[in-house]
Each structure stands twice: as structure tokens, then as C-alpha cells.
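In what follows, a structure is listed as C-alpha cells, so that the remarks can point back to it.
Chains as they are written, first to last, in the working numbering: chain A, 1 to 240; chain B, 241 to 463.
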């Protein structure tokens, strides 16, 4: 078994028009910038993929990574909890111009919908958003006298995530708070592609410290010195 | 103009009620200041939605590690005993009743405990983050806020007019003038600034302030 993919371009080559793509990260922390940029490269060279639905906690910052993906017009819809951040001008402009659709989901509900998809649970009840605008039209039921909202799983065709160490079986370990949505998205997508700073042989990660078991991962591509979105934004970077 | 507490002083007062050993989530922005004022000798463990328990103060400028941030996407440091986890576990801690207290900001708080703190209305780009999750699950939900808006309108109201974050969730409000509990659908005044009369406080409050025993002086250090 060898899930290594030689290049970033090969890793993102199969993502079709209209795909739902989960992208790991919370702000810049855990954002797979190089995989996103490879997708933009492919789009600029071939005109595809387009009309993507992207699932992320945010909606991109500055002019790199997810924000660049949106700026170049690959994204039709975004599913996220907090699109309004300090440097989210790209999304804001597209949203106010009616050029991108937004599905706003409370952060814990977003996480649980993704987790549920990976675990084969089509729906669940949560207290989050009961009685608020974000529960409009959703079934409500009482359990032990308290109201809960029904939420549905959130699946994806692809997940693009970032980890610190990976092996050829796809086992992953993350770095600090860069873990965030990675393990959930890995399980929820039909195909999960992970960029890893260090690629090791099977056995190179202590099984006790594997966070995402390789069964959830389809491809691993090595990016030895990954860029940090925050550093790029501070440098005023723009991709490409 | 009535004398009132600064945000730091409101945060200080809220911090005095955090028990030793408490697991605490602080909302983004002003509520984050509470961490600076935890009384000596009490150890609280701070939770951040993005997957860390036991984080500490910001690192010196230039020493940020952008893989170690809080929910406000600011760089933080770790305290001994810290742990990392994914977003599903993080919100299991939130909704599962494992946090002792969440301290949040507010646009409006109603006397029945309803909270509005995520949206000012349909204009612009909406964003909810973890606000709607946090108001369910923590054993206590406290709010830190100015007592009234900049133009003098009450933020403590009989019924929220702004979009709700959660129903009947707030249990205590620390304002720039007073400390008020929410009990049985009523505001119960616990402490007020000695320089503010009951009448003036009531006039700046959008619902009746009840009294249940003596009202203590709200005494806070210069900060």
C-alpha cells in the first residue's frame, strides 16, 4: 500500500466541476494552502474545476489560499460558520454582489454535521440554534422536556487537509491547533487528500499518536515547508 | 455623565466569580480580558473552540506560531497541562455540559435570559461562529457588557429586538454599572456602583430590576 502522490498537481487533478470540497483549517491554522493553490493553478490552465461548493469554518483571508480560490471564481457556494473576519474582503465583495451563495452554520453544528457524515449518521438533534433564525424550517423535537433542532449530515466529494506528519498508509498526526476540522473532514469526504510536512514510512508514527487513521485518507502529498496564511497576509501576498 | 466601569474593570469583576479548577470559555473580543484578572491562587483552564484547553497569554510580538491560536485567531501560548483536540471533541465539551462557565459579550440580554449577540440585522455579511453553541451546555452563561448603548438605550431589555443567539440561557450579567442575576424570568440586582442611584440604574434598564435581599456595592480596583 502506498498512498503517496508525487505532486500537488496530481493530487488535485481529479476534482470535477460542481464538486463539494471540504477544506481544513480554522482561519489560517491548518489551511492546506499549497493544495488550494494547486487547484487554482489547474483552473487557470484548464478552466476547471468550477462551481465548487466549499466547506470551511471561514471564507478566506487576504488574497491567498481559500480567498484566492474564491477570487478566481472557482467557488459557487460556501458553507461556513464565520465568513466575516479582519481580511475577508474577497468573500465580502462577492457576497454583497450576489456572486457567491452562503450557507451559515453554527460552528459546533458544522463540526457535528461533518462528523456525522463520516460516521454514517444521516441526522441528529442539537440544542444549538433552537429558537433562532438559523433553525428556521428545521424539525424540532423535545427530549427530556427540552427542545432540540434536527440537523443533517454534511458529506463531500473531496477533502483537502493539512497535517504535520503522514505515512504511506495515510495515517496522520497534526500540529497543535492546526488539527481543528481535519480529522472530521477526512472521514466525511469520499476522497481525502492530505498535504503533510513530513512523509514517513509505515511505523514512523507511533500508533498511539496517530490522530487520523489511514482508512480515512486516500492520498498523501509531501509539502516540506508549508506556508502559513497569516505570514502571507502580513507580507501582502496575492496568489498567483 | 454617570461614572461607570471600564471594560477591564467589568472583566475584573467577572473574573472574581471564576472558581479554582473551573473550565472556562471566553467569547472573542472584550470577554477575553477576563483571563488577565483571575485571582491569584485560583487555577482556571481556558477552552477555545478551535481545539485547545489550557492556553495562556499571547506570545511576544515576532514569536507567534500560527498553528497555536485561539478562537479569535490570535496567537497564544500553552500552559502546563494543555491539550489539543479536534472540532467535534471541542464542541462535545461545549454542548455536553462540560464547561463550568462561558463569558460572552452581548448586544441585548432579556429578563428571561434570552441573548442576542451574533447579528445586528439582515444587512452586511452574517457570521455566527460558535456563539449559538456556547450558549447551550456550559453550566453557567455570563455576559459582560456596557449597561446601555452609546446613545443611552438599554441593553438589558424585557424582550430582545435583535436576532437571538439563544433562549433563556444567560444566568448573570456584569455591566458597567451593576451585577445582575437572571432568576425565574426576572432581573435581580445584586451589586451596583455606589455612585449610581437605584432610580438612575432603573432608568437605564429596559425591564424591572428586582431586589432579593441587600444590594451590595460594586467595588472594583483602578485598572
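Built from N, CA and C at the ideal position, the CB exists for glycine as well.
Indicate the three-state DSSP secondary structure (helix, strand or coil) for residue i in the structure shown.
| i | result |
| --- | --- |
| residue 374 of chain B | helix |
| residue 29 of chain A | strand |
| residue 363 of chain B | coil |
| residue 103 of chain A | strand |
| residue 305 of chain A | Within the shown structure, residues of chain A are numbered from 1 to 240, placing residue 305 of chain A beyond reach of any answer. |
| residue 46 of chain A | helix |
| residue 91 of chain A | helix |
| residue 341 of chain B | strand |
| residue 156 of chain A | strand |
| residue 248 of chain A | The question about residue 248 of chain A has no answer here: the residues shown for chain A are numbered 1 through 240. |
| residue 402 of chain B | coil |
| residue 448 of chain B | coil |
| residue 354 of chain B | coil |
| residue 277 of chain B | helix |
| residue 322 of chain B | strand |
| residue 411 of chain B | coil |
| residue 144 of chain A | coil |
| residue 39 of chain A | helix |
| residue 241 of chain B | Legend: pLDDT at residue 241 of chain B = 44, less than 50; position of this residue unreliable, no value from coordinates given. |
| residue 250 of chain B | helix |
| residue 394 of chain B | strand |
| residue 8 of chain A | helix |
Would a check of beta-carbon distances place residue i closer than 8 Å to chain A?
| i | result |
| --- | --- |
| residue 372 of chain B | yes |
| residue 351 of chain B | no |
| residue 327 of chain B | yes |
| residue 338 of chain B | no |
| residue 250 of chain B | no |
| residue 367 of chain B | yes |
| residue 463 of chain B | no |
| residue 313 of chain B | yes |
| residue 407 of chain B | yes |
| residue 292 of chain B | yes |
| residue 387 of chain B | no |
| residue 270 of chain B | no |
| residue 423 of chain B | no |
| residue 398 of chain B | no |
So, is residue i buried or exposed, given that buried needs 16 or more other C-beta atoms within 10 angstroms?
| i | result |
| --- | --- |
| residue 379 of chain B | exposed |
| residue 1 of chain A | exposed |
| residue 94 of chain A | buried |
| residue 323 of chain B | exposed |
| residue 271 of chain B | buried |
| residue 142 of chain A | exposed |
| residue 10 of chain A | exposed |
| residue 62 of chain A | buried |
| residue 109 of chain A | buried |
| residue 267 of chain B | buried |
| residue 304 of chain B | buried |
| residue 461 of chain B | exposed |
| residue 459 of chain B | exposed |
| residue 70 of chain A | buried |
Does any residue of chain B bring its CB to less than 8 Å from the CB of residue i?
| i | result |
| --- | --- |
| residue 125 of chain A | no |
| residue 241 of chain A | An answer regarding residue 241 of chain A cannot be provided, because it is not within the stretch 1 to 240 covered by chain A. |
| residue 198 of chain A | no |
| residue 251 of chain A | No answer is possible for residue 251 of chain A: the residues shown for chain A start at 1 and end at 240. |
| residue 223 of chain A | no |
| residue 103 of chain A | no |
| residue 206 of chain A | no |
| residue 239 of chain A | no |
| residue 16 of chain A | no |
| residue 130 of chain A | yes |
| residue 202 of chain A | no |
| residue 184 of chain A | yes |
| residue 26 of chain A | yes |
| residue 213 of chain A | no |
| residue 245 of chain A | Given that chain A is displayed from residue 1 to residue 240, the structure contains no residue 245 of chain A and the question cannot be resolved. |
| residue 173 of chain A | no |
| residue 134 of chain A | yes |
Just checking: is the beta-carbon of residue i within a distance shorter than 8 Å of some beta-carbon in chain E?
| i | result |
| --- | --- |
| residue 347 of chain B | Considering every chain present, this structure includes no chain E. Its protein chains are A and B. |
Whole runs of the beta strand (DSSP E) within the segment 167-196 of chain A, excluding any shorter than 3 residues: none
Indicate whether the contact test is met: 3 or more Cβ pairs, each with one atom in the segment 401-412 of chain B and one in the segment 431-443 of chain B, closer than 8 Å. no
For the segment 203-240 of chain A, list the alpha helix (DSSP H) runs that are entirely contained and at least 4 residues long, ordered along the chain. 229-234
Count the C-beta pairs between the segment 40-55 of chain A and the segment 221-233 of chain A that are closer than 8 Å, then say yes if the count reaches three, no if not. no
For the structure I just gave you, are there three or more beta carbon pairs, one from the segment 53-68 of chain A and one from the segment 19-37 of chain A, closer than 8 Å? yes
Stretch pair the segment 344-363 of chain B + the segment 214-221 of chain A: three plus CB contacts closer than 8 Å: no
Contact between the segment 164-171 of chain A and the segment 201-209 of chain A is defined here as three or more beta-carbon pairs at a separation below 8 Å; is this criterion met? yes
At a cut of 8 Å, does the segment 285-294 of chain B reach the segment 251-263 of chain B through at least three beta carbon pairs? yes
Determine, using beta-carbon pairs with one atom in the segment 142-159 of chain A and one in the segment 15-24 of chain A, whether at least three such pairs fall under 8 Å. yes
Pair every Cβ in the segment 380-387 of chain B with every Cβ in the segment 126-139 of chain A, then say whether three or more of these pairs are closer than 8 Å. no
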